[in-house]
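Here's the structure we're looking at; comments come further down.
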Amino acid sequence: MNKKKIAIFTTIIYVIVLGSGLYLYSWFAGNKVDEIEKLLVSLISQIMAVICIVYIVNKHYGWKNVGFRRIKLKNTIWFFPYIAILVPMVWEFLINTFKNAASFSASTWAGLFITFLGALSVGFSEEVIFRGIYLESFKSDKTVIKAMIISYLGFSVFHIVNLFLGNSFAQVFITIIVSSLLGFSFIALAIKLESIWLNIIFHTTWNFILISSQTLNFSVSKTSGLISEVNILVGSILWLMIIKKEKTKTKTKNKKTTV
């Protein structure tokens with residue numbers, strides 16, 4: 001099986017495993033099952049997905065090839081806008097947690113811990129698949145643009161899996177739009193940084209804070225509302241830079257061939 005087929009197969013497996021967990025979570029929610037039990041069911045499916053991905057990467061790719069490399073520090077400037085969004089979000093979440101900690105029950109803390117593990121599992125899995133496996137599988141010696149487009153589209157369409165949660169088509173459509181903007185920017189960031197470490201950290205923290213804040217009725221920093229604008233701005237600049245570099249590389253190769 002070639003790497004392109006492996007990438008598609010990995011996505012199908014991930015959708016089936018994660019979708020099953022989301023469906024069960026939705027079913028339990030409708031039957032008034034304890035919140036911790038619902039979270040555990042969802043977490044089990046997420047961990048199963050991680051195990052599948054780890055196996056596939058070990059067997060067919062290798063961790064460096066899917067983005068677990070040293071970060072190219074001089075290009076981290078492109079990640080600063082995301083840090084500017086995330087830091088106030090983390091700060092406000094910590095302040096709210098500190099203020100309400102005395103009223104938290106053991107199940108509340110357990111729920112937060114399970115939510116974090118779930119966010120980490122999803123952040124890891126989606127970055128490895130769409131910014132790691134896809135990029136490695138679909139890039140060629142001539143260009144990386146095709147791989148970027150496939151990664152962007154794959155990550156966008158993948159979020160239709162939210163239908164398993166019982167969300168309406170309108171809600172899922174909005175999720176796909178927002179996710180597509182993140183995918184648009186993050187695939188370019190993965191290339192410029194030559195690593196997916198920062199992508200995983202942001203993806204995990206973002207999901208954890210949004211989900212936990214909604215569960216606990218916490219306010220979320222207003223900086224979170226800037227994410228789409230940042231994705232469009234950073235993504236557009238980086239895509240143009242990468243496309244320009246690819247064109248220059250192609251022209252250089254053509255000149256050498258002509259000579």
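Residue numbers are given in UniProt numbering: position 81 of the sequence shown equals residue 81, and the series is strictly consecutive. Virtual Cβ for every residue (Gly too), placed ideally from N, Cα, C. In this text, all values refer to a predicted model and were calculated from it rather than measured experimentally.
Expected contact under 8 Å - CB spacing of residue i and residue j to nearest Å
{"i": "Phe130", "j": "Gly183", "result": "7 Å"}
{"i": "Ile187", "j": "Ser151", "result": "5 Å"}
{"i": "Lys192", "j": "Trp78", "result": "6 Å"}
{"i": "Val220", "j": "Ile85", "result": "That belief does not hold up - the Cβ atoms of Val220 and Ile85 are roughly 11 Å apart, past 8 Å."}
{"i": "Leu39", "j": "Thr108", "result": "In fact, because the Cβ distance is near 12 Å, the residues do not count as touching under 8 Å."}
{"i": "Ile36", "j": "Gly111", "result": "6 Å"}
7 Å Cβ cutoff met for residue i and residue j
{"i": "Val41", "j": "Leu24", "result": "yes"}
{"i": "Thr215", "j": "Leu120", "result": "no"}
{"i": "Ser228", "j": "Leu153", "result": "no"}
{"i": "Phe202", "j": "Tyr82", "result": "yes"}
{"i": "Ser156", "j": "Ser179", "result": "yes"}
{"i": "Cys52", "j": "Ile95", "result": "no"}
{"i": "Leu73", "j": "Ser45", "result": "no"}
{"i": "Ala190", "j": "Gly67", "result": "yes"}
{"i": "Arg69", "j": "Glu246", "result": "no"}
Proximity winner among the options, relative to residue i (alpha-carbon distances)
{"i": "Gly118", "options": "Val87, Asn207, His159, Ile149", "result": "Asn207"}
{"i": "Lys249", "options": "Ser185, Ile149, Glu229, Val144", "result": "Val144"}
{"i": "Phe9", "options": "Tyr55, Gly111, Arg70", "result": "Tyr55"}
{"i": "Ile16", "options": "Ser212, Leu163, Glu246, Ser224", "result": "Leu163"}
{"i": "Val122", "options": "Phe98, Val50, Phe104", "result": "Val50"}
{"i": "Phe104", "options": "Ala7, Phe80, Val161, Ser212", "result": "Ser212"}
{"i": "Ile6", "options": "Leu135, Met148, Lys251", "result": "Leu135"}
{"i": "Lys142", "options": "Phe113, Ala102, Lys251, Lys99", "result": "Lys251"}
Cut-off 7 Å between Cβ atoms - residues of its own chain near residue i, not counting five sequence neighbours on either side
{"i": "Lys4", "result": "Ser137, Phe138"}
{"i": "Leu226", "result": "Ile85"}
{"i": "Ile47", "result": "Ser121"}
8 Å CB neighbourhood of residue i in its chain, flanking five on each side removed
{"i": "Asn167", "result": "Thr175"}
{"i": "Val57", "result": "Trp63, Val66, Val128, Gly132, Ile133"}
{"i": "Thr11", "result": "Ile129, Gly154, Phe158"}
{"i": "Thr76", "result": "Leu193, Leu198"}
Sequence-distant residues of its chain with Cβ nearer than 6 Å to residue i (five each side left out)
{"i": "His159", "result": "Thr175, Ile176, Ser179"}
{"i": "residue 265", "result": "In this structure the chain extends from 1 to 259, so residue 265 is not present and cannot be described."}
Segment contact flag, the segment 191 to 202 with the segment 50 to 65, C-beta cutoff 8 Å, min 3 pairs: Between the segment 191 to 202 and the segment 50 to 65 there are fewer than three C-beta pairs closer than 8 Å, too few to call the two in contact.
Count the CB pairs spanning the segment 87 to 100 and the segment 225 to 242 that are closer than 8 Å, and state whether there are at least three. no
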